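Trainee:
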Amino acid sequence: MSSFLFDCAGRALIRGVTASALLIGWFLAAADVQAAGGSCGNTPSRSCPQLIYQGLTYPYPREAGSFLFIDGGVYPYVTKTDRLLEDSKVSLPGGDVIEVSDLLDQLNLTRFRQQKFVPVVGYGSNAAPSQLSRKFAKEILETSVVIPVMKGWIDDYDVVWTPFFTSYGAMPSTIFPASGVRAELWLNWMPESILERMDATEGVGHYYVRTTLSEASFGFDGPNPERLELYVSCFGALEAQGTIQSLSAVPAEGRKTPEIDSSAALSLVQPTVAPQSSMLEMLRDTVSSPARRSRYTEALAPFRRFAESGPFSESACAHAGN
C-alpha cells in the first residue's frame, strides 16, 4: 500500500487527496506500531498513530474569539467586562446568552469566583480548547477547571517554531522578538491551584522557562494584566534555510518570515535529523522512544536561533537540560 501511495521521497502520487490525509492513512496501515488503543512510549492510553496525528496538526484549531473553558466545554464570550466570571456574558450551545455568574451557579462552580487567577499567555497549542482538554482533563486533576481564555495581540513579537521534539511528535512553538510584527495572542486566566500542572505540561526547567515581559505593548479582551507572564522555549527559534520560520496557523501583521505548518516545519529538519528515514518514520521513533526523541532533539542544535539578551537568549535557559 505504501509504495502505491508514495514514491521513495514520500511524495503523494494520488491527486485529489491531501498529502496529510494520505500520510496518516499510509501510516495507520503500514507503520510497525499499534494501530489503535494501548499506549505509545511513555504516554499512557494513546497509540502512536494518535500521537503522530497530534504532532502533525499542531497547534490545533482555535476559537474565533474569547471563550470560557469549563471542563472541556467552550462557552464563547458575548460581552466582556473586567469581571470575567461575574457580569460578563457567554453563549450556550443553541445560542442562549447567560451571565457567567449564573452559569457557574447552575453548574455548582461558584467557588471559582473566589479563587485567585494568574494570567498566563497562550500563543501555541495552549490557545486551543482541544489542548486545554488534554492538559486539564477532570480524570487527571480530579477536579473541575474554569479558565477564561481571552483573545488579543502583541507588538514586536511573533510566534515561531522551536527546534525540539515533544512526546507527541510535534516541534512546538515559542514567542520571539520580531520588530514591526503584531501577532495574535491569547491570555489564559489560570486558577492558581492548577498553575503547577500547566508548568509540568510545559516542561518548565527543561523545555521552557516561565518568565515575564514587563514593557511589551499588548491588548486583550476583558482586563489587561500589568505585565505578560509566558513560556519561552529553551531551544530558541527554528532557523532553517537562512531564516526564522513562523507558524502559519497564528495570524500576524507585518510578518516578513516564512509562514509554514507543522508538516512543513518537520520536513525542513528531517534530512538533518533522520537522513535515512522518512518524516513519518522519524515521528514514529520520536513518539515511541524517549531516548531517540532526545537524540533527535540534540540533532536539531544547528537550527537554534537565540536573541542576544533577555529571556530569549541562550543564557536564559542555561540551567535547562537537553
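Just so you know, we're using the working numbering here: the sequence shown kicks off at 738 and counts up by one.
Ideal Cβ placement from N, Cα and C applies to all residues, glycine included.
In this text, all values refer to a predicted model and were calculated from it rather than measured experimentally.
Going by DSSP in three states, residue 938 sits in which element: helix, strand or coil?
Mentor: Reduced to three states, the DSSP call for residue 938 is helix.
Trainee: I need the DSSP call for residue 990, collapsed to helix, strand or coil.
Mentor: In this structure, residue 990 counts as strand in the three-state DSSP scheme.
Trainee: Which residue from 785, 848 and 935 puts its Cα closest to that of residue 874?
Mentor: The shortest Cα separation from residue 874 among 785, 848 and 935 belongs to 935.
Trainee: By DSSP, does residue 908 sit in helix, in strand, or in coil?
Mentor: Correct three-state label for residue 908: coil.
Trainee: Is the Cβ of residue 962 closer than 8 Å to any Cβ of chain C?
Mentor: Included in the structure is just one protein chain, with no chain C present.
Trainee: Jot down the residue ranges of each uninterrupted beta strand (DSSP E) in the stretch 965 to 1043, minimum 3 residues, whole runs only, in chain order.
Mentor: For the stretch 965 to 1043, whole beta strand (DSSP E) runs of length 3 or above, ordered along the chain, are 965 to 970 and 974 to 977.
Trainee: What separation, rounded to the nearest whole angstrom, lies between the Cα atoms of residue 770 and residue 787?
Mentor: Because the pLDDT at residue 770 is just 38, under 50, the model does not fix this residue reliably, and the value given afterwards should be weighed accordingly. When rounded, the distance between both Cα atoms is 11 Å.
Trainee: Between the Cα of residue 903 and the Cα atoms of 1039, 1052, 1044 and 1031, which residue gives the shortest distance?
Mentor: Looking at the Cα atoms, 1031 is the closest of the given residues.
Trainee: Excluding the five sequence neighbours on either side, which residues of its own chain have a C-beta within less than 6 Å of the C-beta of residue 950, listed in chain order?
Mentor: So the list reads 965, once near-sequence residues are dropped.
Trainee: Tell me whether the beta-carbon of residue 987 lies closer than 8 Å to the beta-carbon of residue 939.
Mentor: Cβ atoms of residue 987 and residue 939: not closer than 8 Å.
Trainee: Can you list, in chain order, the residues of its chain whose CB lies under 7 Å from that of residue 985, leaving out five sequence neighbours each side?
Mentor: Cβ within range, chain order: 996, 997 and 998.
Trainee: Identify whether residue 930 lies in helix, strand or coil by the three-state DSSP scheme.
Mentor: Three-state result, residue 930: helix.
Trainee: Which same chain residues end up closer than 6 Å to residue 864 when comparing Cβ atoms and leaving out the 5 residues on each side of it in sequence?
Mentor: If we look at residue 864 and ignore the five residues flanking it on each side, its Cβ neighbours are 799 and 923.
Trainee: Report yes if the CB atom of residue 975 is closer than 8 Å to the CB atom of residue 1034, and no otherwise.
Mentor: No, Cβ-Cβ distance for residue 975 and residue 1034 is not below 8 Å.
Trainee: Residue 895 to residue 854, Cα distance in whole Å?
Mentor: Answer to the nearest angstrom: the Cα atoms are 26 Å apart.
Trainee: Give, in chain order, every unbroken run of the beta strand (DSSP E) that is at least 3 residues long and sits entirely within the stretch 790 to 850.
Mentor: Counting whole runs of 3 or more residues, the stretch 790 to 850 contains the beta strand (DSSP E) stretches 804 to 807, 810 to 816, 826 to 828 and 834 to 836.
Trainee: Give me, in chain order, the residues of the same chain whose beta-carbon lies closer than 6 Å to that of residue 838; leave out the 5 immediate sequence neighbours on both sides.
Mentor: The answer, listed in chain order, is 823.
Trainee: Quick one: using the 10 Å Cβ neighbour count with 16 as the cut-off for buried, is residue 741 buried or exposed?
Mentor: Its pLDDT being 24, under 50, residue 741 is placed unreliably in this model, and the coordinates cannot settle the point.
Trainee: I think residue 789 touches residue 1020, with their Cβ atoms under 8 Å apart; what is that distance to the nearest whole Å?
Mentor: That belief holds up - the Cβ atoms of residue 789 and residue 1020 are roughly 5 Å apart, short of 8 Å.
Trainee: Quick check on the burial criterion: 16 or more other C-beta atoms within 10 angstroms. Buried or exposed for residue 1039?
Mentor: Looking at its Cβ environment, which holds fewer than 16 other Cβ atoms inside 10 Å, residue 1039 is exposed.
Trainee: In three-state DSSP terms, what is residue 919?
Mentor: Note: residue 919 maps to strand in three-state DSSP.
Trainee: Can you name, in chain order, every residue of its own chain whose Cβ lies under 6 Å from the Cβ of residue 893, other than the five neighbours on each side?
Mentor: Here the set comprises 916.
Trainee: Taking DSSP as the reference, what is the three-state secondary structure of residue 854?
Mentor: Residue 854: strand per DSSP, three-state reduction.
Trainee: Based on DSSP bridge pairs, tell me the residues matched to residue 1050.
Mentor: DSSP, once it has assigned bridges, lists 1044 as partnering residue 1050.
Trainee: How about residue 948 and residue 967: do their beta carbons lie closer than 8 Å?
Mentor: Contact flag set, yes.
Trainee: Rounded to whole angstroms, what is the Cα-Cα separation between residue 1044 and residue 982?
Mentor: So the two alpha carbons sit approximately 15 Å from each other.
Trainee: Do residue 804 and residue 812 count as a contact pair if the criterion is CB distance below 8 Å?
Mentor: The answer is yes: Cβ separation under 8 Å.
Trainee: Less than 8 Å between the beta carbons of residue 881 and residue 841, yes or no?
Mentor: The answer is no: Cβ separation not under 8 Å.
Trainee: Using CA coordinates, which residue listed in 861, 912, 906 and 844 is at the minimum distance from residue 883?
Mentor: Here the closest residue by C-alpha is 844.
Trainee: Taking the alpha-carbon positions, what's the residue 765 to residue 810 distance?
Mentor: The pLDDT assigned to residue 765 is 43, lower than 50, so where the model puts this residue is not dependable; a value taken from the coordinates is nonetheless given after this. Their Cα atoms are separated by approximately 30 Å.
Trainee: Tell me the rounded alpha-carbon separation between residue 971 and residue 833.
Mentor: If I take the Cα positions, the gap works out to 44 Å.
Trainee: Return the bridge partner residues of residue 877 from the DSSP annotation.
Mentor: None, per the DSSP bridge assignment.
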